[in-house]
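Please read the structure below before turning to the comments.
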Amino acid sequence: MLQSWKSTAETVRAAVAAAADCLVPPLCLACHRPLADHNTLCASCWTQIDFIRAPVCDRLGIPLAVDIGPGTISAAAEADPPEYDRARAVARFDGIMRKLVHDLKFRDRHDGLRLFGRLLASAGGELLADADAIVPVPLTHWRLLHRRFNQSAVLAQEVARASTRPYWPMALVRSRRTRPQVGLSRAQRRENVAGAFTVSAGALPALAGARIVLIDDVITTGATVRACARVLKAAGATRVDVLSLAMVTDAALLPP
Numbered sequence: 034m035l036q037s038w039k040s041t042a043e044t045v046r047a048a049v050a051a052a053a054d055c056l057v058p059p060l061c062l063a064c065h066r067p068l069a070d071h072n073t074l075c076a077s078c079w080t081q082i083d084f085i086r087a088p089v090c091d092r093l094g095i096p097l098a099v100d101i102g103p104g105t106i107s108a109a110a111e112a113d114p115p116e117y118d119r120a121r122a123v124a125r126f127d128g129i130m131r132k133l134v135h136d137l138k139f140r141d142r143h144d145g146l147r148l149f150g151r152l153l154a155s156a157g158g159e160l161l162a163d164a165d166a167i168v169p170v171p172l173t174h175w176r177l178l179h180r181r182f183n184q185s186a187v188l189a190q191e192v193a194r195a196s197t198r199p200y201w202p203m204a205l206v207r208s209r210r211t212r213p214q215v216g217l218s219r220a221q222r223r224e225n226v227a228g229a230f231t232v233s234a235g236a237l238p239a240l241a242g243a244r245i246v247l248i249d250d251v252i253t254t255g256a257t258v259r260a261c262a263r264v265l266k267a268a269g270a271t272r273v274d275v276l277s278l279a280m281v282t283d284a285a286l287l288p289p
């Protein structure tokens, strides 16, 4: 009887899935080519993503030309050490990855979230291994109302789901509005976000001694995540690592 019930349940699930695929057929997240499964990319689009793989700078997460062993620090990290401990990203911010980020951020395309969560959990495996919590970079209330969601928060939720780490959505808050970072120089970006983040009063006890993985969609100059890491550490976090979907790694593309 139990076996018969299980067989019937599986048949019903298969029929529901088939009907759903007829209504919303599985398509490539980037080029919308028909696929066999949901929440993925076609082979052509996969090959156009420039994944960031070892060797990388242990602090900044930027690719290195030569592998000289674990824990290697780049000249950029030596010259200007970040407030966070380590950063990792899934891929370079160009081509297909740029389109996927923009589709999520500006076009309310959430159909790729499960894939993004898996990619982030894989790219940040060493950061997540002993992390105490996942914390998203917050938006101001005005920008959240305008956009209707925080892209860093929905990514953080998926990372927490994929890694089974606790999700602390309200640990950080924006204490003031800031200008959009697009178009600002490196120095202007740092000035723009200086003092823009605070730790919520309710999170203070849990942050003491905590190892945090901070989630953002894109690391450009790192000004935002540096500002966040600064206040998290001031509140007692012992380690703050950063994990993002994409990263600008070409110095020529960075604002001066």
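If you're matching positions, the sequence shown starts at 34 in the working numbering and goes up one per residue.
Using N, Cα and C, we set each Cβ at its ideal position, and we do this for glycine too.
Keep in mind it's a predicted model, so treat the numbers as computed, not measured.
| Nearest to L148 by CA position, among T173, D163, P169 and V192, is which residue? | Nearest of T173, D163, P169 and V192 to L148, Cα basis: V192.
| With contact counted as at least three CB pairs below 8 Å, one residue from each stretch, are the region 259 to 269 and the region 237 to 250 in contact? | At 8 Å Cβ cutoff, the stretches touch.
| task | Using a threshold of 9 Å, state whether the C-beta atoms of D83 and G145 are closer than that. | result | No.
| query | When we look at the beta-carbon of F182 and count the other beta-carbons within 10 Å, is it buried (16 or more) or exposed? | reply | When all chains shown are included, F182 counts as exposed.
| On the three-pair Cβ rule with 8 Å, is the region 157 to 165 touching the region 231 to 238? | Segment contact: the region 157 to 165 against the region 231 to 238, fewer than three CB-CB distances shorter than 8 Å; contact not assigned.
| Cβ pair Q214, A262 closer than 9 Å | With contacts defined as CB atoms closer than 9 Å, Q214 and A262 fail to qualify as a contacting pair.
| First and last residue of the beta strand (DSSP E) that includes S277? | Where S277 is concerned, the enclosing beta strand (DSSP E) stretches over R272 to M280.
| Roughly how many angstroms lie between the CA atoms of V136 and F126, to the nearest whole one? | Sequence inspection shows Asp at residue 136; the Val mentioned does not correspond to that position. Spanning the alpha carbons of D136 and F126 requires a straight line of approximately 13 Å.
| task | Quick one: residues in its chain with C-beta nearer than 8 Å to the C-beta of D70, no 5 flanking neighbours on either side, listed in chain order? | result | Counting only Cβ-Cβ distances below 8 Å, and skipping sequence neighbours, we find P59.
| Alpha carbon to alpha carbon, what distance is there between L205 and P169? | It is roughly 8 Å from the alpha-carbon of P169 to the alpha-carbon of L205.
| To the nearest angstrom, how far is it from the Cα of S233 to the Cα of S208? | One C-alpha to the other measures close to 10 Å.
| field | Inter-residue spacing [alpha-carbon to alpha-carbon] between I101 and I95 | value | Approximately 14 Å, taken between the alpha carbons.
| task | Might you give, ordered along the chain, the residues of its own chain that have their beta carbon closer than 7 Å to the beta carbon of S185, omitting 5 neighbours on each side? | result | Around S185: P169, V170, I248, D249 and D250.
| message | Can you look up R180 in the DSSP assignment and give me helix, strand or coil? | response | In the structure shown, R180 sits in a helix (DSSP, three-state: H, G or I).
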